[in-house]
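What follows is a single structure, written as structure tokens, with notes after it.
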Amino acid sequence: MKLDPFYLILDCAAWIERLVPLGVKLVQLRIKDMDDASLRREIRAAKAICERHGCQLVVNDYWRLAIDEGCNFVHLGQEDLAEADVAAIRRAGMKLGLSTHDDTELDTALAAGPDYVALGPVYPTILKAMKWAPQGLDRISEWKRRVGATLLVAIGGLNIERIPGVFAQGADVAAVVTDITLNADPEARTREWLAATAEWR
């Protein structure tokens, strides 16, 4: 499997509608604390936008809804993985991405046979409170050795300037949230990310 090296993570379909048409080919819909009916509407809207623009949609956490809505990729954190029916996800033909932060979590993730493993936070992040210290670039190299052919996604504190180092250490994909969503001009910043990741595409 191959994924675009630029992985944009957004928290609503409105953001996806705003940025995916610029040329984004890999996006995650990451919504927290929303009722099922509203979640279903967001997933449907995001899926329709992505289908129009040839973009791979990854649904965070809500694997049952993702299956119901005919999505083909889900991302789970470790707590969600513990409660998920991985066999049902696979029977639905869905690809699976998993978060990891330490050795134990990596072992757990690899046992599930994911399509990608995410390592984070590589750098300090303001997205959410983390009990893990920043992993640093060396951990990317270590994780890549351990995951082998499985794709490795680097996440946490990434910006344009840090992209080359992440890929040089073995990451296949660089994920970004706040460097774009908190930017004064998210569209311009998205175009910069597309240009900066072009050589790995």
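For the sequence shown, the numbering used here begins at 159 and goes up steadily by one.
Every residue gets a Cβ at the ideal spot worked out from N, C-alpha and C, and that includes glycine.
Skipping 5 residues on each side, what residues in its chain have a beta carbon closer than 7 Å to that of residue i?
{"i": "ASP169", "result": "ARG188, ILE189"}
{"i": "PRO272", "result": "LEU254, GLY255, LEU256, THR308"}
{"i": "THR258", "result": "LEU264, ALA267, VAL275, ALA276, LEU277"}
{"i": "ASN230", "result": "GLY251, MET252, LYS253"}
Ordered along the chain, which non-local residues of its own chain (more than five positions away) have a Cβ less than 8 Å from that of residue i?
{"i": "LEU268", "result": "VAL275, ARG304, VAL305, THR308"}
{"i": "ALA270", "result": "LEU239, VAL244, LEU254, LEU256"}
{"i": "ARG359", "result": "ASP162, PRO163, PHE164"}
{"i": "LEU197", "result": "ILE189, TYR220, LEU223"}
Measuring alpha carbon to alpha carbon, tell me which of the options ends up nearest residue i.
{"i": "ALA354", "options": "PHE164, MET159, LYS160", "result": "PHE164"}
{"i": "LEU310", "options": "PHE325, ALA203, ILE318", "result": "PHE325"}
{"i": "ILE174", "options": "ASP191, ALA342, VAL335, TRP358", "result": "VAL335"}
{"i": "ALA171", "options": "LEU180, ARG199, MET192", "result": "ARG199"}
{"i": "ALA195", "options": "ALA224, LYS253, PRO344", "result": "ALA224"}
{"i": "ASP337", "options": "PRO322, TRP358, GLY314", "result": "GLY314"}
{"i": "ARG149", "options": "ILE318, ASP260, GLN186", "result": "Residue 149 lies beyond the range of the chain shown here (159 to 359); nothing can be said about it."}
{"i": "GLY228", "options": "GLU241, GLU209, ALA242", "result": "GLU209"}
{"i": "GLY363", "options": "ASP343, TYR281, GLN186, THR258", "result": "Nothing can be reported for residue 363, as the shown portion of the chain is limited to 159 through 359."}
{"i": "THR339", "options": "ALA312, LYS205, LEU316", "result": "LEU316"}
When you compare only the Cα positions, how much space is there between residue i and residue j?
{"i": "GLU237", "j": "GLY294", "result": "23 Å"}
{"i": "ALA356", "j": "ILE207", "result": "22 Å"}
{"i": "MET159", "j": "GLU263", "result": "22 Å"}
{"i": "GLN327", "j": "VAL216", "result": "24 Å"}
{"i": "ALA332", "j": "GLU300", "result": "16 Å"}
{"i": "TRP221", "j": "VAL232", "result": "6 Å"}
{"i": "LYS302", "j": "PRO292", "result": "17 Å"}
{"i": "VAL178", "j": "HIS211", "result": "7 Å"}
{"i": "MET192", "j": "ARG297", "result": "34 Å"}
{"i": "ALA250", "j": "ARG202", "result": "17 Å"}
{"i": "ILE361", "j": "GLU241", "result": "The shown model of the chain, from 159 to 359, leaves out residue 361, and the question about it has no answer."}
{"i": "LEU352", "j": "LEU180", "result": "9 Å"}
{"i": "ILE167", "j": "PRO279", "result": "14 Å"}
{"i": "GLN214", "j": "ARG176", "result": "16 Å"}
{"i": "THR132", "j": "ASP226", "result": "In this structure the chain extends from 159 to 359, so residue 132 is not present and cannot be described."}
{"i": "GLU345", "j": "VAL182", "result": "11 Å"}
{"i": "ALA312", "j": "LEU184", "result": "14 Å"}
{"i": "GLN186", "j": "ARG320", "result": "21 Å"}
{"i": "LEU343", "j": "ALA204", "result": "A quick correction: the sequence has Asp, not Leu, at residue 343. Distance between the alpha carbons of ASP343 and ALA204: 21 Å."}
Keeping to the same chain, check which residues put their C-beta closer than 6 Å to that of residue i; ignore five residues upstream and five downstream.
{"i": "ASP330", "result": "LEU309, LEU310"}
{"i": "ASN341", "result": "ARG347"}
Are residue i and residue j close, meaning C-beta to C-beta below 8 Å?
{"i": "LEU239", "j": "ASP219", "result": "no"}
- In chain order, each beta strand (DSSP E) run of at least 3 residues that lies wholly inside the stretch 257–299: 274–277
- Message: Could you tell me which whole alpha helix (DSSP H) segments of length 4 or greater appear in the stretch 178–222?
- Response: 194–210
- Task: Output the residue ranges of the alpha helix (DSSP H) runs that lie fully inside the stretch 305–337 and measure 4 residues or longer, sorted by chain position.
- Result: 321–326
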